[in-house]
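For the sequence shown, the numbering used here assigns the number 99 to the initial residue and increments by one for each residue that follows. For each residue, glycine too, the CB sits at the ideal point set by N, CA and C. Everything on this sheet refers to the single structure shown next.
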Amino acid sequence: MDIIKVKDYQEMSEKACSHVINNIHRQDAPVLGLATGSTPEGLYKQLIEKYRQKKVSFEQTTTFNLDEYVGLENDDRNSYHYYMQEKLFNHIDISAEKANLPNGSAADLEQECRNYEAQIQQANGIDLQILGIGLNGHIGFNEPGVSFASRTHVVDLAASTREANARFFPSLEDVPTQAITMGIETIMESKAILLLVSGKQKTEAVARFVNGEISEGFPASVLQQHPQVTLIADEAALGEV
Ligand code: PGA
């Protein structure tokens, strides 16, 4: 694993942006795995900036987001579809057909999970998967206890995850109780992983991720077995690591 220590959130976002652009430039038809939450927002701002400066184009890029809430329409302000439109897709030249997220309002969620896996396969897999880490070690919405053999599936969100995400909703009751997420095996099949972490609230999670035992009780620990992981973390998040 490559660990890149940076000063702060801004530097993490800038370094992540260079890493993503280098990856895009290495492929004829790049496939990126994208994440939501607070962590990648700065990266997306940087990518938009580089696009405006004509340093990168997303015309040939296909993207697959990690997850989506169940039960929110795509145009709901709290859906990850909406987040991605607002924070990235509306501002770059990616084509709508190539920007994929699981459909959390599909009538048949199990079928939607299978379709999503098939779409990833058809694109020849993910070249670079961007990840954040939850306080409980979740990646995507793979909560503690998830099987390392899981593929895209429907999950019940942990109480701590709903509480952590309640800041985006009018109240805790409004946070959906389920989501569709890529599984651990889906994530592990990405050719490379870029994990971004910022802030002292994540110190313990980073320490467990880097040095802890590999266990389904702390899903991010599985990444220790991935051959191509880059962790970009700021000083606050790295703590003593
Ligand atoms: P955050 O979420 O970026 O909003 O901290 C990360 C995660 O829960 O995966």
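C-beta atoms of residue i and residue j nearer than 7 angstroms
i: residue 253; j: residue 216; result: no
i: residue 251; j: residue 211; result: yes
i: residue 133; j: residue 207; result: no
i: residue 246; j: residue 314; result: yes
Helix, strand or coil at residue i according to DSSP, with G and I counted as helix
i: residue 118; result: helix
i: residue 266; result: helix
i: residue 151; result: coil
i: residue 295; result: strand
i: residue 103; result: strand
i: residue 324; result: coil
Any non-hydrogen atom of the ligand ATP closer than 6 angstroms to residue i Cβ
i: residue 137; result: The ligand ATP is absent from the structure shown, which contains only the ligand PGA.
Residue range of the beta strand (DSSP E) that includes residue i
i: residue 90; result: Absent from the structure is residue 90, since the part of the chain shown begins at 99 and ends at 339.
i: residue 229; result: 226-229
i: residue 276; result: 276-279
i: residue 282; result: Note, residue 282: premise wrong, no beta strand (DSSP E); alpha helix (DSSP H) at 282-286.
i: residue 213; result: Run containing residue 213: none in the beta strand (DSSP E); it sits in the alpha helix (DSSP H), 207-220.
Residue range of the unbroken alpha helix (DSSP H) whose run includes residue i
i: residue 184; result: 178-185
Cβ distance (whole Å) where residue i is taken to contact residue j below 8 angstroms
i: residue 291; j: residue 321; result: 6 angstroms
i: residue 317; j: residue 222; result: Actually they do not touch by this definition, with Cβ atoms about 25 angstroms apart.
i: residue 238; j: residue 280; result: 5 angstroms
i: residue 323; j: residue 312; result: 7 angstroms
Any 3 or more C-beta pairs closer than 8 angstroms across the region 292-302 and the region 224-241: yes
Three or more C-beta pairs below 8 angstroms linking the region 103-114 and the region 137-156: Enough Cβ pairs lie closer than 8 angstroms, so yes.
The region 162-182 touching the region 195-205, judged by at least three CB pairs closer than 8 angstroms: yes
Meets three-Cβ-pair contact criterion under 8 angstroms: the region 154-161 and the region 121-128: yes
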